[in-house]
Each structure stands twice: as structure tokens, then as C-alpha cells.
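Visitor:
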Ligand code: C2E
Ligand code: CA
Ligand code: CA
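Numbering (the numbering used here), first residue to last: 540 to 1117.
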């Protein structure tokens, strides 16, 4: 069935079909022939005897392999094909549904998989075409893609080089890296409707748009007719990657206008990370590519991580983020209040406002889980303002209920300092609420001021001029010394609960707590110890002249109504003692 080589055009696609049944071959060949543009030259390989000769000596672009071709082990056969065909892409076909067979075959080296169950000419032609494009890019400088390669529009080698360099850097610095492989869905029909030139334009626009959306991207290149690849260096964690995926997905949502037509495009994204999914460029490319093919199975724009664990956690984060977006609007967020007790008088001096999320399906979600998501997505900015609004409301309510002078402390995230309108917005909130600002305290960590210290200091001063005071949260866990912070308007230091909880187990904890207290006092700052759970911890803190304590020993964070009850009970008990 092989055509003499001289009748082939140099840019013609050559497909070898490995199937034992001639009828099968005719069927597959007819499906491929239905794609007129593909003009594939299809050859039949009926058995293993012919196979070796054909695979080794005739050069095919794509191998279509029916898994029933031989009865041996699929993995070793794929390996044999890879070696003897010099790594030509293999499209595997079998009777099972993709869910049953595809993951194993893809893992064993097949480049793509189709089920024979519902195989049609579109599916087959598209899969073969996709593999061919990639194959062409790798080894040919002919045809349309060849031109693109020659003109530098597509540069797979350069990208490979960049990836290798990025990996070296990541290895040296002990950083993580992510490789994203993006493939535009159904690019063929775009080309068919608008022509290759417009298809090219679309890819260029898409690349430009992504480059703008992803300021941090380290390399973005077109590596195929319908493919882009991105390298993201210095990835911190999976949240970092999910944020990037979200940006890509958002960038794709907006239609791209070509010739006055607004085209909505879908794409499939495969993600492979170093070191989880591989430690060399080849593996990472292959795995991101495989993950991209997996993503193709989901409708619309979708993504897949090669690393399953990462995929699960990214899905979780993205879902959490989407849910969180609705949470604020849907009234699912609630503020709990944890009292802070004065050591000398045993009076409740203030309360810390702590966020809780009543998730409709998952129940109460703690801030340790959702605050990082809110910070990464920027949602912490509106949420943070909402907490201040709630605090102001409760501050007024407390006075009306007979608890005037109660300080309300609100946590401020480092991310809120990225909002250039922070002081203005806070000013508006307290102005509208008409509260005594001296009862409002903002808690911040040292790291909140690291990003842009000058701007942060200005914010602190401006807010301080409005009467708001500041507390340094989680003190002892960061790097700065208190004396570095003395020029800031900070009136209170909160000792991190890890030190309090180490009391009795570590002599260091005692020394550190004593040192923080005496230094703070010498700088005219008060001290609150957090996480006080036992009588023993309380005794130590009293002896060490700590000013206030906060912890489960007195009360856990609680909803507003419980707090009112708690304050009333304590007041009644105090009256009885007098
Ligand atoms: P944080 O500011 O250090 O808050 C103190 C945390 O210690 C709270 O955890 C509190 O429930 C917990 N805690 C208090 N006493 C004890 C104790 O005796 N034992 C133990 N084991 N834990 C105690 P929570 O409420 O889970 O909040 C965790 C963190 O989430 C907070 O740490 C804060 O950084 C953040 N967070 C909470 N609400 C907000 C908010 O409205 N905005 C921002 N930006 N962050 C918030
Ligand atoms: Ca706090
Ligand atoms: Ca704290």
C-alpha cells in the first residue's frame, strides 16, 4: 500500500496505520480522506513483520495504532515504536472509552488517544493534524508552519533553550517552576473560516494579551500553529500557579476581534511543574503536552496539571476563590469576636475581630484556609473593608448596650497596603459610621510593611492622625527588632501564641517573652499575649508584667450575640464581687 516516495509532495502528511484488519484500515483511511485539506498519504501496516521494516525505513509523520494490532504488552510495544520510529507521535485507538484506557496509554508513551466507539472524521483528522503540526515543528522547515518557523513567529528550539536555562536557574536557587502549554481548541475551523493569515493574527493577539495579563511571565512563545507555551519561574506554591491559570482563563474570556468578527476562543491548558513533574526540559514539555491533551477532554476552556495532587489542590483553590467571590455578596462571611483581658483589672479591654466563613456546603471555614486565597486573589481588599465596617457597627452597638470604651481590633493584611486608596477608603468608612476612632485598632504584621515601607509608613501616619491606633501582630516570628519599628505609630505589641504555648517546655520562650515585654515597655508600647490557654501561662505572664492576654483560657472567638452575653455575665460577676 505504500506509495512510491517520488509521488509524494514534500509537505504531505504521511500516516502509518497499524491495524490487523484491512477493513479497519480502509475505514480509517476514508475518515482521513474526508478531510480534504489534510491530503494525507495513508499506509497500511497489517502485521509485526511489515511493521519493523515500515517503521524503520519509511518516514511517517504520525503513527495511528489500533491497540488490538498485537496481543502483547502495550507499554513495551509503545517503547519499541518510539525507538524504531525515532520518537514519531503515536495516536492510539481502542474500543474502550477514554476513561478506561487513555490514562494508562498516555502514561506509557502514546501521544494521544481516541476511542473507536464514537470515532468520526472530525475527531480523527483533528487528532492526526495536531500531532502532525507538532511533528513538523520538531523536524521540518517546510509548509505553512515551516514558514512560521523560518520567520521566527514560531520558535520551538529557542523556547526549549529558554526552558533549559530557566530549569538550571530553578535548580540552583531551589525554586519551583511551571511550564504551561496552551492549545487553542478547534483552531482548524478558525483557519478554515478566516484563512491562515487571520489564524496567525489571532495567535499573535492572544499572545500579546496574555503577555499583558501576566506581567510576571518569564517566557511566552508560540511553539506551534495553535500552541503557546509559557514559563513561570520562581513559583512559590500551587496558589501562585492557580492565580496565573485564572488570569489566562480570564484573558481568554474576552472575544478576540478579527476582521470585525468577535471570536470567542476556548483553549486547553496543560501544566507541568518542576520538580514535581520532571527535572529536565524534555520531560516537562512532554508532560505539559500530555496534561494539555487531558484538558482537551473537558468542554470549554479547561486546564490540567500533570501532577495529580497539584491538580486537585489547584481545583480546590480555584473553587474556593470562586465561592469566596460570592461569599461577600451572599452574606456568608461573619465576624467573630475574641475578648482581650486586662491582667491588672481582669476587665475586658477589647475584642479582636476574626473572620469566619459560613460556606453553604462545607460549613464553617476557618481563616487560615481562606485568607491566603483572599490575599492572592486580591479579594482581601473588599473583604478587609467589610470587616472594618462591621467593627464600626459593633463598636457603636457596644456603646449602646452599655459597654463603652471597648476597643475593636481588626486585622489588616499586607495585601491591603497594595491598595493605593487604603487610607481614603478607611477614612470614608469611619466617617460614615461616625465612631470614636480611638476605639479602633488595626493589627498588622511586620511583613505588611515590607513591600513598600515608605507607603506603609505614610498610611500608618495618616490613619493615626485620624485617631486609629496600631498593634504589631504575631511579634517574635518576623525579623525586625522592635527598635526598628519605634518610629512607627505602634502602641501595642502582640506576642505570638507560639511563644506562649512553648512556656513550660522551653526556657527560650520565657526569655523571649520577658525581653519583648521589657523592651516594649521601654518604648512605651503595651503588650498583649496571644493564645493563653492555661493557668500556668497566665501566672507566668502576670509575673512578667504583661498588660493584656487573649486566649481560650478566657474565651474563644464567638459570634456577636455570644459576646454580648459574655460581657454581660462578666459585668454581673464583677458587681457581685464588689
Ligand atoms: P491572628 O491575627 O494571629 O489571630 C489569632 C488567632 O489565634 C485566631 O485564629 C484565634 O482564634 C487564635 N487563638 C486565640 N486564642 C487562642 C488560644 O488560646 N489557642 C489557640 N490555639 N488559638 C487561639 P483564627 O480566628 O483562626 O484566625 C487565624 C488568622 O487569620 C488570624 O491570626 C489572622 O491572621 C487571620 N484573620 C482572621 N480574620 C482576619 C481578617 O478579618 N482579616 C485578615 N487580614 N486576617 C484575618
Ligand atoms: Ca491578629
Ligand atoms: Ca496574632
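Where is the CB? At the ideal position from N, CA and C, for every residue including glycine. Quick caveat, the model's predicted, so the values are computed rather than measured.
Assuming the contact rule is C-beta atoms closer than 8 Å, residue 882 and residue 1085 should be a hit. Round their C-beta distance to whole Å, please.
Guide: Going by Cβ atoms, the distance from residue 882 to residue 1085 rounds to 6 Å, so yes, they are a contact pair.
Visitor: Classify residue 691 as buried or exposed, calling it buried when 16 or more other Cβ atoms lie within 10 Å of its own Cβ.
Guide: Legend: pLDDT at residue 691 = 47, less than 50; position of this residue unreliable, no value from coordinates given.
Visitor: Which whole-angstrom value describes the C-beta separation of residue 871 and residue 899, a residue pair presumed to lie in contact below a C-beta threshold of 8 Å?
Guide: Their Cβ separation, rounded to whole angstroms, is 7 Å, which keeps residue 871 and residue 899 in contact under 8 Å.
Visitor: Does the stretch 568 to 582 come close enough to the stretch 656 to 674 that 3 or more CB-CB pairs lie under 8 Å?
Guide: The stretch 656 to 674 vs the stretch 568 to 582: in contact.
Visitor: Under 6 Å from any heavy atom of ligand 2, does the C-beta of residue 722 make it?
Guide: No, Cβ of residue 722 sits at least 6 Å from all heavy atoms of ligand 2.
Visitor: What does the alpha-carbon distance come out to for the pair residue 602 and residue 712?
Guide: Straight-line Cα distance between these residues: approximately 41 Å.
Visitor: Can you look up residue 878 in the DSSP assignment and give me helix, strand or coil?
Guide: Three-state DSSP puts residue 878 in a strand.
Visitor: Closest to residue 764 by CA distance: which of 1083, 730, 1069, 792 is it?
Guide: The residue with the shortest Cα to Cα distance from residue 764 is 730.
Visitor: How is residue 892 classed by DSSP in three states: helix, strand or coil?
Guide: Of the three classes helix, strand and coil, the one that applies to residue 892 here is strand, per DSSP.
Visitor: In three-state terms, what does DSSP make of residue 946?
Guide: Residue 946 falls in the strand class under three-state DSSP.
Visitor: Within 6 Å: the Cβ of residue 985 and any heavy atom of ligand 3?
Guide: No, the beta carbon of residue 985 sits no closer than 6 Å to any heavy atom of ligand 3.
Visitor: If you follow the beta strand (DSSP E) that residue 841 is part of, which residue opens it and which one closes it?
Guide: Run containing residue 841: 841 to 844, per the beta strand (DSSP E) assignment.
Visitor: Express the C-alpha separation of residue 975 and residue 1088 in angstroms, rounding to a whole number.
Guide: In a straight line, the C-alpha of residue 1088 is about 24 Å away from that of residue 975.
Visitor: For ligand 3, any of its heavy atoms closer than 6 Å to the Cβ of residue 1069?
Guide: For ligand 3, at least one heavy atom lies less than 6 Å from the Cβ of residue 1069.
Visitor: Let me know if residue 650 comes out buried or exposed under the rule of 16 or more other beta-carbons within 10 Å of its beta-carbon.
Guide: Its Cβ being crowded by 16 or more others within 10 Å, residue 650 is buried.
Visitor: What are the start and end residues of the alpha helix (DSSP H) that includes residue 580?
Guide: Unbroken run through residue 580 is the beta strand (DSSP E), 580 to 584; no alpha helix (DSSP H).
Visitor: By how many angstroms is the C-alpha of residue 647 removed from the C-alpha of residue 492?
Guide: Look at the range of the chain in this structure, 540 to 1117, and you will see that residue 492 is not part of it.
Visitor: Any heavy atom of ligand 1 closer than 6 Å to the Cβ of residue 838?
Guide: No - ligand 1 has no heavy atom lying nearer than 6 Å to the Cβ of residue 838.
Visitor: Where do the ends of the beta strand (DSSP E) carrying residue 800 lie?
Guide: Segment 800 to 802, the beta strand (DSSP E) holding residue 800.
Visitor: Is DSSP giving residue 1026 helix, strand or coil here?
Guide: In the structure shown, residue 1026 sits in coil (DSSP, three-state: anything other than H, G, I, E or B).
Visitor: Quick test of your reading: residue 749 and residue 790, contact by CB under 8 Å. State the CB separation rounded to the nearest angstrom.
Guide: Correct: roughly 6 Å between the Cβ atoms.
Visitor: Whole angstroms is fine: what's the gap from residue 1100's alpha carbon to residue 986's?
Guide: Roughly 34 Å between the two C-alpha positions.
Visitor: Going by CA-CA distance only, name the one from 732, 588, 804 that's closest to residue 766.
Guide: Ranking 732, 588, 804 by Cα distance to residue 766 puts 804 first.
Visitor: Between the C-alpha atoms of residue 818 and residue 777, what's the straight-line distance to the nearest angstrom?
Guide: Roughly 18 Å between the two C-alpha positions.
Visitor: Suppose the cutoff is 7 Å on Cβ atoms and the five residues either side in sequence are ignored; what does the same chain contact list for residue 779 look like?
Guide: Excluding residues within five positions, none has a Cβ falling inside 7 Å.
Visitor: Does the stretch 860 to 877 come within contact of the stretch 914 to 921, defined as at least 3 CB pairs closer than 8 Å?
Guide: They touch, by the three-pair rule.
Visitor: Can the beta-carbon of residue 934 be found less than 7 Å from the beta-carbon of residue 947?
Guide: Cβ atoms of residue 934 and residue 947: closer than 7 Å.
Visitor: Taking 6 Å as the cut-off, is the CB of residue 982 close to at least one heavy atom of ligand 2?
Guide: Yes - ligand 2 has a heavy atom lying nearer than 6 Å to the Cβ of residue 982.
Visitor: Do residue 1036 and residue 1014 come within 7 Å of each other at the CB atom, strictly closer than that value?
Guide: It is not a contact, given that the beta carbons lie outside the stated cut-off.
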